[in-house]
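Asks: The sequence shown lines up with residues 615 to 947 when you count with my numbering. The beta-carbon is built from N, C-alpha and C at its ideal position, and this holds for glycine as well. It should be emphasised that the depicted structure is a prediction, and the values quoted were computed from it without experimental measurement.
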Amino acid sequence: MPLPRDVRTWLTEAWFRDVPVEQILAALPANVPVTAVKAFLRTLEASPHAEEFGDLVSRIARLEWQGRIRLQAGRLDPTRRTVPRVQRLTPRQFIERAYAPNRPIVLTGMMNDWKALRRWTWAFLSKTVGDAPVEVMEHRETTDFYDLNVNRLSEPTTLREFISWIQRVKTSNARYMVARNNGLDAEALKPLRGDLGFFGGILDRRREGLSYLWVGPAGTVTPLHHDTANNLFCQVRGRKRFILIDPANAELLRDVLSYYSLIDAENFDVQRFPYLAQVERLTVTVGPGDALFLPAGWWHHVRALSPSLSVSMTNFTRLIDTHDASFPLPGRR
Ligand SMILES: O=C(O)CCC(=O)C(=O)O
615 MPLPRDVRTW LTEAWFRDVP VEQILAALPA NVPVTAVKAF LRTLEASPHA
665 EEFGDLVSRI ARLEWQGRIR LQAGRLDPTR RTVPRVQRLT PRQFIERAYA
715 PNRPIVLTGM MNDWKALRRW TWAFLSKTVG DAPVEVMEHR ETTDFYDLNV
765 NRLSEPTTLR EFISWIQRVK TSNARYMVAR NNGLDAEALK PLRGDLGFFG
815 GILDRRREGL SYLWVGPAGT VTPLHHDTAN NLFCQVRGRK RFILIDPANA
865 ELLRDVLSYY SLIDAENFDV QRFPYLAQVE RLTVTVGPGD ALFLPAGWWH
915 HVRALSPSLS VSMTNFTRLI DTHDASFPLP GRR
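1) Apart from the five residues just before and just after R821, which ones in its own chain have a Cβ nearer than 6 Å to its Cβ?
2) If I'm right that F776 touches V750 with Cβ under 8 Å, what's the distance once you round it to whole angstroms?
3) Quick one: what does DSSP say F738 is sitting in, helix, strand or coil?
4) Relative to the C-alpha of N845, which candidate in V870, A793, N863, A879 has its C-alpha closest?
5) Determine whether the beta carbon atoms of A737 and D809 lie at a separation below 8 Å.
6) From the DSSP output, in three-state form, read off L950 for me.
7) Measure the CB-CB distance between V697 and V898 and report whether it falls below 8 Å.
8) Ligand 1 heavy atoms versus the CB of P914: any closer than 7 Å?
9) Any chance the region 669–688 sits against the region 619–635, with 3 or more Cβ pairs inside 8 Å?
10) Determine the contact status of I877 and L866, defining contact as a CB-CB distance below 8 Å.
11) Per DSSP, A845 is paired with what?
12) If you draw a straight line from the alpha carbon of G833 to that of E752, how long is it in whole angstroms?
13) Are there 16 or more other CB atoms within 10 angstroms of the CB of F591, so buried, or fewer, so exposed?
14) Quick one, which of F667, R732, P770, A802 has its alpha-carbon nearest M791's?
15) Considering only their Cβ atoms, is the gap separating F856 from A905 smaller than 8 Å?
16) I'd like to confirm the pairing. Which residues does DSSP put opposite A712 in its beta bridges?
17) Could you pull the start and end residues of the beta strand (DSSP E) that E769 belongs to?
18) Answer yes or no: the CB of D841 versus the heavy atoms of ligand 1, is any distance below 7 Å?
19) Can you name, in chain order, every residue of its own chain whose Cβ lies under 7 Å from the Cβ of L891, other than the five neighbours on each side?
20) Who pairs with E749 in a beta bridge, going by DSSP?
21) Kindly list the residues whose CB is nearer than 6 Å to the CB of L967, restricted to its own chain and excluding five residues on each side of it in sequence; keep chain order.
22) State the CB to CB distance for the pair T626 and L677, rounded to an integer number of angstroms; the pair is presumed to be in contact (CB under 8 Å).
23) What does the Cβ neighbour count give for K854, buried or exposed, with the cut at 16 atoms within 10 Å?
24) Between V893 and R699, what straight-line distance do the alpha-carbon atoms span, to the nearest angstrom?
25) First and last residue of the alpha helix (DSSP H) that includes A664?
26) Which residues does DSSP pair with Y889 in a beta bridge?
27) Just mark S875 as buried or exposed, buried being the case when its beta carbon has 16 or more other beta carbons within 10 Å.
28) On the three-state DSSP scale, how would you describe G811?
So this is what it looks like as structure tokens:
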């Protein structure tokens with residue numbers, strides 16, 4: 615029986631990190647056959663590409679070490695143990711405190727001019743744009759990796775029907791209108807755009823098509839993942855709890871499916887993923903009028919604590935090329 619891919623990857627890494635064979639065998643889970651492992655290690659040893667594998671593994675080991683150094687140094691700064699909440703920042707302060715250092719921050723008081731904060735009640739939305747055709751992700755409870763299956767799970771409905779369901783259901787993760795389904799660019803939702811503000815100097819109002827709408831009941835969960843764009847996550851109604859993890863925890867990239875992590879951020883399984891014992895989580899809750907800056911690359915897990923409506927914006931004035939992510943994605947080959 616061939617060894618599973620994750621076991622082969624783990625063995626390859628351990629072998630090229632010069633972990634002694636006895637130590638590798640001692641660390642094997644009980645259900646992995648030792649004879650198959652020994653045979654696999656022999657193929658590694660005999661591989662004509664052993665040098666190239668060795669180079670790659672050494673590079674990964676050094677990147678992980680560099681991440682650990684950064685994290686250890688960061689722990690000396692108590693302000694990094696929480697996500698700061700700051701009242702109004704100038705664009706320059708925003709660049710210095712959050713955007714340039716790639717640090718999450720909650721901006722408060724900067725959405726005061728958003729008409730959406732006062733107008734976007736469920737009744738108002740049903741009345742004004744209730745007929746808008748929207749795509750809602752359905753049956754999310756049927757698979758662990760629902761967000762990877764967003765296209766397959768999306769179904770058309772109207773905003774009115776969806777809002778009425780949100781009001782009826784107490785808490786649920788079964789249905790969620792997520793950013794990728796259909797957003798503020800949809801013709802029928804365009805009347806809502808005038809209700810948004812612009813974060814003058816931080817976001818660029820001329821860059822359209824980069825704002826996304828999230829609508830759902832209490833209980834929606836977006837599992838741990840990282841984006842490839844900087845994101846200003848603006849909470850309009852309801853409350854959401856974010857768990858954030860610094861990308862300097864490079865070990866997290868060992869257990870991924872595309873941009874999603876196999877790790878449950880709310881319940882760390884340290885038995886299965888021992889490196890989690892060293893990983894620190896930052897938790898922050900946002901409510902109406904809060905804008906969370908989510909830096910590109912930061913891992914985040916999001917749970918809605920009440921019926922919620924959010925707009926995420928990626929049209930920053932000082933765009934940096936975060937989309938230049940030309941790495942192969944595990945789980946997608
Ligand atoms: O609000 C959510 O459920 C997820 C938000 C998110 O992951 C994002 O904006 O990148």
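Replies: Reading it off the structure:
1) These residues qualify, in order along the chain: N929.
2) Between the beta-carbon of F776 and that of V750 there is about 5 Å, and that keeps the pair under the 8 Å contact cut.
3) helix
4) When each option's Cα is compared against that of N845, the closest is A793.
5) no
6) Residue 950 lies beyond the range of the chain shown here (615 to 947); nothing can be said about it.
7) yes
8) This sequence places His at residue 914; Pro is not what is there. Answer for H914: yes, Cβ within range of ligand 1.
9) yes
10) Taking the C-beta atoms as reference points, L866 is found nearer than 8 Å to I877.
11) Looking at the sequence provided, one finds Asn at residue 845 rather than Ala. According to DSSP, N845 bridges with L908.
12) 14 Å
13) A query on residue 591 cannot be resolved here, the shown segment of the chain reaching from 615 to 947 and no further.
14) Ranked by Cα distance from M791, the first of F667, R732, P770, A802 is P770.
15) Not in contact: A905 and F856 (Cβ atoms no closer than 8 Å).
16) Bridge partners of A712: none, in fact.
17) Counting along the chain, the beta strand (DSSP E) containing E769 begins and ends at 768–772.
18) yes
19) Per the sequence presented here, residue 891 reads as Ala, with Leu not at that position. Around A891: V884.
20) P770
21) Since the first residue of the chain shown is 615 and the last is 947, residue 967 is not available in this structure.
22) Their Cβ separation, rounded to whole angstroms, is 17 Å, which puts T626 and L677 out of contact at 8 Å.
23) Counting other Cβ atoms within 10 Å of its Cβ, K854 reaches 16 or more and is therefore classed as buried.
24) 22 Å
25) Counting along the chain, the alpha helix (DSSP H) containing A664 begins and ends at 664–688.
26) DSSP output for Y889 lists no bridge partner at all.
27) buried
28) Secondary structure of G811 (DSSP, three-state): coil.
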